[in-house]
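Sequential numbering of the sequence shown, starting at 52, is according to our numbering.
The structure appears below as structure tokens.
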Amino acid sequence: MRGLDGSHGVVIPIQNVKNLNLGNEVVEAVKAHEFHIYAVSTIEEGIEVLTGVPAGKKDKSGNFPAGTINYLAYEKLKKYAKISKNV
């Protein structure tokens, strides 16, 4: 109702792509880059689409790259674990 400006979209499991049944308005909006359909295979891909920040993969030492979503989540969990040990 408000119109599309290219910032709108939907995230779907990649397995559902073959079952998509889109109306002409949606197809035209996608062609015009006014609406996006993101087909993702993993939660990590979905996180990256939604946040614009890399999810991050562990390196050989078991650490996530600084600034990634997984790094931030892991650091928060370590903080909670430390707090819970002090209670």
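Heads up, the beta-carbon is just placed ideally off N, CA and C, and yes, glycines get one too.
In the displayed model, G60 falls within a strand according to three-state DSSP.
In the structure shown, V78 falls within a helical segment according to DSSP collapsed to helix, strand and coil. Annotation: the continuous beta strand (DSSP E) that includes V91 extends over F86 to V91.
Boundaries of the alpha helix (DSSP H) harbouring N137: I120 to N137, taken from the DSSP string. Look at G97 here: in three-state DSSP terms it is helix. The residues T119 and I120, in chain order, have a CB closer than 7 Å to that of V104 in the same chain once the five nearest residues on each side in sequence are set aside.
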